[in-house]
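Asks: Below is one structure. I have some questions about it.
Protein chains: 4
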Amino acid sequence: MHVIIDLCVVPIGVGVSVSKYVAACQTILHKHNLAHTMHAYGTNIEGDWDTVMTAIKECHQTIHDMGAPRITTTIKLGTRTDRPQSMQDKIDSVNTKLSAD
Amino acid sequence: MHVIIDLCVVPIGVGVSVSKYVAACQTILHKHNLAHTMHAYGTNIEGDWDTVMTAIKECHQTIHDMGAPRITTTIKLGTRTDRPQSMQDKIDSVNTKLSAD
Amino acid sequence: MHVIIDLCVVPIGVGVSVSKYVAACQTILHKHNLAHTMHAYGTNIEGDWDTVMTAIKECHQTIHDMGAPRITTTIKLGTRTDRPQSMQDKIDSVNTKLSAD
Amino acid sequence: MHVIIDLCVVPIGVGVSVSKYVAACQTILHKHNLAHTMHAYGTNIEGDWDTVMTAIKECHQTIHDMGAPRITTTIKLGTRTDRPQSMQDKIDSVNTKLSAD
């Protein structure tokens, strides 16, 4: 099952700066060869359900190993069976509607 | 790794009423013996990471099989390594602060 | 416009325990006479759009005043025009489907 | 109060394609002169709290007026008092950590 995810991992109890933990996550996504694009409030990820979920679990384990005692993560997750759709397809679909106006 | 999750599954393309799909999810959580409590905008779930994730995947597969062509799901997901914490512990912790006022 | 919301406020940079900040939010919701129910990963709130949003803004201001330098909040927010629906209606609707099986 | 938001609006009961509703939202954000960047699972928005919230309310009203009987929206929302931070600052901060490895 193909999935498009938006992942936002927030380590708690390590102070106000969390970017090094987010960077560690990016490295894990890259290692799993998952297509991913970071934005200002999370990272879009696309791939096979099990691979994506394995990577997210590894993010939690790694961030705990880096010293964060607590993590709260927000995930948006989309699947569809009617047709294949990539992350870029979703963006193109809205842009087409915009330029049609 | 123990996880506390808030799960909100939204089938798209099946009209305005989604309760039968949410009910199917509840049945799957029950089958996996996962502690879970439904609220007005999702379901709290507690358990082993892999069991919880297996159940969520099964929710998506079942809802697609029921005829929903598209699903968007929102998940909040917490892990901690400093101490064990149940769903009830989290609620008790806030209530203690409230009654202390 | 009537809205049902799930609110989860996470102060960052104040250590691992966040319950006193969540308790302060509960007090603000109560002050605004908003129907609200806490669960293990947030609080369901129901009411007029503007009142709810005013209360959420006050939560952020209060938590910053309590010393949290950074806050990340997750909100799920539902509106509908086809029929009135309360928080309890949503739960009842799923439970009816469950007991029908 | 300055806020960085990730907004994901999902109309329910209008079939499987939701891009024209998302496009209507983009137009509203543009009209309010809010800095915003669309990604594959939402839109990052940056600006004054009240202006952003006014725009989001207008998105809901417009999408209902376009015929959607039900909308479920997911919002991530960040404020900080320790220092100013733009959407681009957040991305740069992670990228700096990545290139330092």
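Protein chains in written order, with this note's numbering: chain A, 7 to 107; chain B, 7 to 107; chain C, 7 to 107; chain D, 7 to 107.
We put the CB at the ideal spot given by N, CA and C, even for glycine.
(1) Counting along the chain, where does the beta strand (DSSP E) carrying B:Leu83 start and finish?
(2) Are the stretch 87–101 of chain C and the stretch 86–106 of chain B touching by the rule of at least three beta carbon pairs closer than 8 Å?
(3) Which bits of chain C does D:Thr79 rub up against, with CB to CB less than 9 Å?
(4) Over the uninterrupted alpha helix (DSSP H) stretch that includes A:Met93, give me the two end residues.
(5) Indicate the three-state DSSP secondary structure (helix, strand or coil) for C:Ala41 in the structure shown.
(6) Quick one: Cα of C:Gln67 to Cα of B:Lys37, how far?
(7) For the beta strand (DSSP E) containing B:Val22, name the first residue and the last one.
(8) From A:His8, A:Ile81, A:His45, A:Thr79, pick the residue whose C-alpha is nearest to that of D:Asp95; which is it?
(9) I need the straight-line Cα distance from D:Ile97 to C:Asn101, nearest angstrom please.
(10) Below 7 Å on C-beta distance, what does B:Pro75 contact in chain D?
(11) At which residues does the beta strand (DSSP E) containing B:Pro17 begin and terminate?
(12) Rounded to a whole number of angstroms, what is the C-alpha to C-alpha distance between D:Ser25 and C:Glu52?
(13) Where do the ends of the beta strand (DSSP E) carrying B:Gly53 lie?
(14) Is A:Ala30 closer than 8 Å to A:Ile69 when the C-beta atoms are compared?
(15) Quick check: the Cα distance between A:Thr49 and A:Leu83, rounded to an integer number of angstroms?
(16) Given a cut-off of 8 Å, decide if B:Tyr27 and B:Ala61 are closer than it, judged by their beta-carbon atoms.
(17) Closer than 8 Å, CB to CB, is B:Cys14 near chain C or not?
(18) Who are the Cβ neighbours of C:Ile18 in its own chain at under 8 Å, not counting the five residues just before and after it?
(19) Helix, strand or coil for D:Met72 per DSSP?
(20) Could you compute how far the alpha carbon of A:Ser99 sits from the alpha carbon of D:Asp54?
Replies: According to the data block:
(1) 76–86
(2) no
(3) Ile81, Lys82, Leu83, Gly84, Thr85
(4) 93–106
(5) Of the three classes helix, strand and coil, the one that applies to C:Ala41 here is strand, per DSSP.
(6) 43 Å
(7) Boundaries for B:Val22: no beta strand (DSSP E) harbours it, and the DSSP string shows neither H nor E there.
(8) Measuring from the Cα of D:Asp95, the nearest candidate turns out to be A:His45.
(9) Distance between the alpha carbons of D:Ile97 and C:Asn101: 43 Å.
(10) Val22
(11) 8–18
(12) 28 Å
(13) From DSSP, the beta strand (DSSP E) with B:Gly53 extends over 48–54.
(14) yes
(15) 12 Å
(16) no
(17) yes
(18) Ala74, Pro75, Arg76, Ile77, Thr78
(19) coil
(20) 29 Å
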